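S.K.:
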Amino acid sequence: MTEHRIATRREWQSERDALLAEEKEHTRRSDELAQKRRELPWVRVEKEYRFDADNGTRTLAELFDGRSQLLIYHFMFGPGYEAGCPTCSSMVDGIDGLLPHLHARDLTALLVSRAPLEKLQAYKRRMGWSIPWVSSANSDFNFDFGASFDVEQMRKQMPPEDQLPPIASHNAKATGTGLAEYISEMFGASVFTLQDGSVYQTYATTGRGVEFLMGYYPILDRMPKGRDEGEAFQTWIRRHDEYA
Amino acid sequence: MTEHRTASRDEWLAARRELLDAEKEHMRRGDELARRRQELPWVPIEKEYVFETDEGETTLTELFDGRSQLLVYHFMFGFGYRVDEENPGCTGCSFVADHFDAVLPHLNGHHVTLVAESIAPLQELSRYKDRMGWRFPWVSSLGSDFKYDFGAAFTEEQQRSGAEYNFRHVDQPPPQREGMSAFAIEDGVVHHTYSTYDRGVEQLMGTYSYLDVAPLGRNEEAPADWWRRHDEYDAREEDAE
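Protein sequences, first through last, are from chains D and C.
The numbering of the first sequence is our numbering, which starts it at 479 and goes up by one.
The numbering of the second sequence is our numbering, which starts it at 30 and goes up by one.
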């Protein structure tokens with residue numbers, strides 16, 4: 479026998495109805511926040527950034543690839559990593575299959591990391607992704623947009639390991655790098671628009687703000703056990719070719 | 030020059046921080062709703078449902094495939110948005126299903142089995158699945174009451190005289206609608222824990238959450254007006270010329 483509370487269909491129904499009203503309110507609030515994001519002012523990007531791409535060196539404006547909107551995911555893959563971050567990888571699994579729909583809405587999505595391009599290309603082949611991935615190894619881009627930090631500085635300033643969430647040392651190990659090297663890269667999304675040849679930044683988010691890229695979470699949030707991860711959040715996530 | 034309001038980085042940051050507070054509040058509210066869903070009572074399933082699958086006839090219990098939680102997506106087939114003989118899978122459900130393969134290994138690794146069900150012969154589902162290049166399990170509920178009992182299909186009688194969809198009375202429901210239902214199995218007993226329909230299904234559609242951070246947003250005049258099967262977008266551009 480289960481220890482969970484059991485009900486008749488009718489009892490369940492009345493509780494579900496009450497919850498539905500709150501879910502609807504939450505959805506409408508999401509719509510409102512999306513509207514507020516669109517109302518944010520835009521900041522012109524004046525600096526010239528150059529990225530190493532599959533087809534040579536590309537400017538930020540060229541990364542738009544003919545569309546007016548660009549969503550960049552700052553994928554944690556620093557120069558000292560041996561493999562990409564598993565949590566970031568789980569997000570890219572999701573983005574990769576959706577590119578036709580995103581392109582149809584005038585949005586280009588791509589990944590930026592600081593590791594050299596050859597390392598990114600090899601890992602992308604292993605993961606079987608098609609999404610464009612550029613290296614900012616020779617650019618300030620990741621530093622300027624808060625996605626990379628100086629390792630030596632990090633080593634001096636970082637909190638002791640036991641004060642970091644377990645996922646930090648877990649993923650440092652999984653990427654074959656030290657803890658300071660691992661957390662010197664930061665995950666996040668930056669959004670840009672291209673208007674008459676000028677690039678503007680419109681939005682940026684990090685922390686739990688990137689959950690919009692983690693398609694398994696809204697599903698788990700609707701399953702009987704929920705996210706079921708506690709303080710050790712995300713430590714259950716593996717690269718898709720690593721699950722037993 | 031853009032006509033959108035531009036700002037210095039400092040001004041943008043101030044506006045962004047204010048919005049961040051609202052985003053955080055919304056996220057915490059989302060966590061609270063997830064907890065409330067987990068607190069919903071469970072309804073034991075007494076009826077025996079049988080599905081046609083690639084492995085032969087399978088019960089609802091067997092659909093769990095050894096895991097403790099099951100999510101069933103009620104996929105509209107043979108009826109739906111932009112459906113014809115050559116394109117029998119609903120365009121909207123196909124869009125939803127484009128999100129499944131990516132989350133499948135992660136959900137399966139975390140005790141959740143995800144399957145889609147439709148009321149159509151398995152062979153037709155398999156043919157469409159091959160075209161779309163999908164890998165997630167898709168079972169046939171043809172001949173079963175399953176889709177009807179979980180509020181995503183309506184009998185001819187219900188289509189005339191009314192039924193509940195999304196927990197509301199609808200006077201003349203269509204033959205099928207979209208939805209998803211969650212189940213838990215404990216000690217061999219299957220329990221229904223949750224169902225959601227209509228915009229509730231947007232939770233499966235990461236594309237919308239990406240568009241919700243983009244400057245143009247969802248950019249749709251009517252919901253769904255731009256949806257195409259993922260192999261149809263190029264054709265649409267040619268149409269427009």
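For every residue, glycine included, the Cβ atom is placed at its ideal position computed from N, Cα and C.
In this text the structure is predicted, and so the values were computed from the model without any measurement.
1. When the Cα atoms are used, what is the spatial distance from T225 (chain C) to S37 (chain C)?
2. Express the C-alpha separation of E709 (chain D) and Q641 (chain D) in angstroms, rounding to a whole number.
3. Assign L245 (chain C) to one of three DSSP states: helix, strand, or coil.
4. What residues in its chain sit with their C-beta under 6 angstroms from that of E267 (chain C), if we drop five residues either side in the sequence?
5. Provide the residue span of the beta strand (DSSP E) that contains W167 (chain C), from first to last.
6. Answer with buried or exposed for P637 (chain D), where buried requires no fewer than 16 other C-beta atoms within 10 angstroms of its C-beta.
7. By the DSSP assignment, the alpha helix (DSSP H) with Q85 (chain C) in it spans what residues?
8. Where does M234 (chain C) land, buried or exposed, given buried means 16+ other C-beta within 10 angstroms?
9. So what's W520 (chain D) in DSSP terms, helix, strand or just coil?
10. Taking CB distances under 9 angstroms as the criterion, tell me whether P644 (chain D) reaches chain E.
11. Classify R528 (chain D) as helix, strand or coil using the three-state DSSP reduction.
12. What first and last residue would you give for the alpha helix (DSSP H) that runs through W71 (chain C)?
13. What whole-angstrom Cβ distance do V612 (chain D) and L588 (chain D) have, given they're in contact under 8 angstroms?
14. Have a look at C:V101, C:T35, C:P73, C:W71 and flag the residue whose alpha-carbon is nearest the alpha-carbon of I424 (chain D).
15. Closer than 8 angstroms, Cβ to any Cβ of chain C: which residues of the region 563 to 591 of chain D, in chain order?
16. Under DSSP, the alpha helix (DSSP H) around R604 (chain D) begins and ends at which residues?
17. Straight-line CA distance for S190 (chain C) to L69 (chain C)?
18. Determine which residues share a DSSP beta bridge with Q98 (chain C) and list them.
19. Just curious, the beta strand (DSSP E) that S613 (chain D) is in, first and last residue?
20. Can we say the region 234 to 253 of chain C touches the region 686 to 695 of chain D, given the rule of at least three CB pairs closer than 8 angstroms?
21. In angstroms, rounded to a whole number, what distance separates the CA positions of A269 (chain C) and F627 (chain D)?
22. With DSSP collapsed to three states, give me the class of D127 (chain C).
23. Please confirm if W611 (chain D) has its CB atom under 9 angstroms from at least one CB of chain C.
24. Taking a contact to mean a Cβ-Cβ separation below 9 angstroms, would you say V218 (chain C) touches T586 (chain D) in this structure?
25. Hey, how far is the Cα of P166 (chain C) from the Cα of G675 (chain D)?
26. Under 6 angstroms Cβ to Cβ from R265 (chain C), same chain only, skipping five residues before and after it: list those, please.
27. Contact between the region 116 to 127 of chain C and the region 698 to 705 of chain D is defined here as three or more beta-carbon pairs at a separation below 8 angstroms; is this criterion met?
28. Going by the CB atoms, is the gap between R45 (chain C) and L518 (chain D) shorter than 9 angstroms?
29. With DSSP collapsed to three states, give me the class of A269 (chain C).
30. Just the chain D side, please: which residues come within less than 9 angstroms of D127 (chain C) by C-beta, in chain order?
31. Please classify Q98 (chain C) as buried or exposed, where buried requires at least 16 other C-beta atoms within 10 Å of its C-beta.
32. So is F116 (chain C) in contact with chain D if we call contact Cβ pairs under 9 angstroms?
33. Can you list, in chain order, the residues of the region 213 to 240 of chain C whose Cβ is nearer than 8 angstroms to any Cβ on chain D?
34. Indicate whether at least one CB of chain C lies closer than 9 angstroms to the CB of D699 (chain D).
35. Would you identify the three-state DSSP class for R536 (chain D), choosing helix, strand or coil?
36. Does the beta carbon of W520 (chain D) come closer than 9 angstroms to any beta carbon on chain C?
M.R.: Reading off the structure:
1. As a first step, residue 225 (chain C) is located in the second sequence; it is residue number 196 there, counting from the start. As a first step, residue 37 (chain C) is located in the second sequence; it is residue number 8 there, counting from the start. Distance between the alpha carbons of T225 (chain C) and S37 (chain C) is about 43 angstroms.
2. On the first sequence, residue 641 (chain D) is found 163 positions in, with the first residue counted as 1. On the first sequence, residue 709 (chain D) is found 231 positions in, with the first residue counted as 1. In a straight line, the C-alpha of Q641 (chain D) is about 12 angstroms away from that of E709 (chain D).
3. Sequence index remark: in the second sequence, residue 245 (chain C) carries index 216 (1-based). Three-state DSSP puts L245 (chain C) in coil, outside helix and strand.
4. Position 238 of the second sequence, counted from the start, is the residue given in the question as residue 267 (chain C). Model confidence at E267 (chain C) stands at a pLDDT of 40, short of 50, so the residue's coordinates are unreliable; what they give is reported in the following sentence. Excluding residues within five positions, none has a Cβ falling inside 6 angstroms.
5. On the second sequence, position 138 is the one that residue 167 (chain C) refers to. 167 to 169 is the extent of the beta strand (DSSP E) around W167 (chain C).
6. In the first sequence, residue 637 (chain D) corresponds to position 159, counting from 1. So P637 (chain D) ends up on the exposed side.
7. To locate residue 85 (chain C), count along the second sequence from 1; it is residue 56. Sequence check: residue 85 (chain C) is Gly here, not Gln. Not the alpha helix (DSSP H): G85 (chain C) falls in the beta strand (DSSP E), residues 85 to 88.
8. By one-based count along the second sequence, residue 234 (chain C) stands at place 205. When all chains shown are included, M234 (chain C) counts as buried.
9. Position 42 of the first sequence holds residue 520 (chain D). W520 (chain D): strand per DSSP, three-state reduction.
10. Protein chains D and C are contained in the structure displayed, whereas chain E is not.
11. Here residue 528 (chain D) is taken as the residue at index 50 of the first sequence, counted from 1. Strand, per DSSP.
12. By one-based count along the second sequence, residue 71 (chain C) stands at place 42. Segment: none, W71 (chain C) is in no alpha helix (DSSP H) and carries neither H nor E.
13. Locating residue 612 (chain D) in the first sequence gives position 134, where the first residue counts as 1. Locating residue 588 (chain D) in the first sequence gives position 110, where the first residue counts as 1. Rounded, the Cβ-Cβ distance is 6 angstroms, consistent with contact.
14. The structure shown has nothing for residue 424 (chain D), since chain D only spans 479 to 722.
15. S568, D571, G572, I573, D574, G575, L576, P578, H579, L580, H581, A582, R583, D584, L585, A587
16. Counted from its first residue, the first sequence places residue 604 (chain D) at position 126. From DSSP, the alpha helix (DSSP H) with R604 (chain D) extends over 595 to 605.
17. For this step, residue 190 (chain C) is matched to residue 161 along the second sequence. For this step, residue 69 (chain C) is matched to residue 40 along the second sequence. Taking the straight line joining both Cα atoms gives about 30 angstroms.
18. For the purposes of this step, residue 98 (chain C) is taken as residue 69 along the second sequence, with counting starting at 1. Q98 (chain C) pairs with C:V141, C:A213.
19. Along the first sequence, one-based indexing puts residue 613 (chain D) at 135. Segment 611 to 613, the beta strand (DSSP E) holding S613 (chain D).
20. yes
21. Stepping through the second sequence from its first residue, residue 269 (chain C) is reached at position 240. Stepping through the first sequence from its first residue, residue 627 (chain D) is reached at position 149. Legend: pLDDT at A269 (chain C) = 44, less than 50; position of this residue unreliable, no value from coordinates given.
22. What you label residue 127 (chain C) is simply residue 98 of the second sequence in a count that begins at 1. D127 (chain C): coil per DSSP, three-state reduction.
23. The residue you call residue 611 (chain D) lines up with position 133 of the first sequence. Answer no: the Cβ-Cβ gap between W611 (chain D) and chain C never drops below 9 angstroms.
24. Counting from 1 along the second sequence, the entry for residue 218 (chain C) is found at position 189. Counting from 1 along the first sequence, the entry for residue 586 (chain D) is found at position 108. No, these two residues do not count as a Cβ contact at 9 angstroms.
25. To locate residue 166 (chain C), count along the second sequence from 1; it is residue 137. To locate residue 675 (chain D), count along the first sequence from 1; it is residue 197. Answer to the nearest angstrom: the Cα atoms are 46 angstroms apart.
26. Against the second sequence, residue 265 (chain C) aligns to sequence position 236. Below a pLDDT of 50, predicted positions are generally treated as unreliable, and R265 (chain C), at 41, falls in that range; no measurement from the model is reported.
27. no
28. As a working mapping, residue 518 (chain D) is identified with position 40 in the first sequence. As a working mapping, residue 45 (chain C) is identified with position 16 in the second sequence. In contact: L518 (chain D) and R45 (chain C) (Cβ atoms closer than 9 angstroms).
29. Within the second sequence, residue 269 (chain C) is the residue found at index 240, counting from 1. At A269 (chain C) the pLDDT is 44, less than 50, meaning the model places this residue with poor confidence and gives no usable figure here.
30. Here residue 127 (chain C) corresponds to residue number 98 of the second sequence, with the count starting at 1. Those within 9 angstroms of D127 (chain C) in chain D are G575, L576, P578, H579.
31. Working through the second sequence from its first residue, we reach residue 98 (chain C) at position 69. Under this definition Q98 (chain C) is a buried residue.
32. The count along the second sequence starts at 1 and reaches residue 116 (chain C) at position 87. The sequence shown places Asn at residue 116 (chain C), rather than the Phe named in the question. No, its Cβ sits nowhere closer than 9 angstroms to a Cβ of chain D.
33. A213, E215, D216, V218, H220, H221, T222, Y223, S224, T225, R228, G229, E231, Q232, L233, G235, T236, S238, Y239, L240
34. Counting from one through the first sequence, the residue named residue 699 (chain D) turns up at place 221. By this cut-off, D699 (chain D) is an interface position.
35. One-based indexing of the first sequence puts residue 536 (chain D) at position 58. The answer is strand: DSSP assigns R536 (chain D) an E or B state.
36. Residue 520 (chain D) sits at position 42 when you count from the first residue of the first sequence. Yes, contact with chain C.
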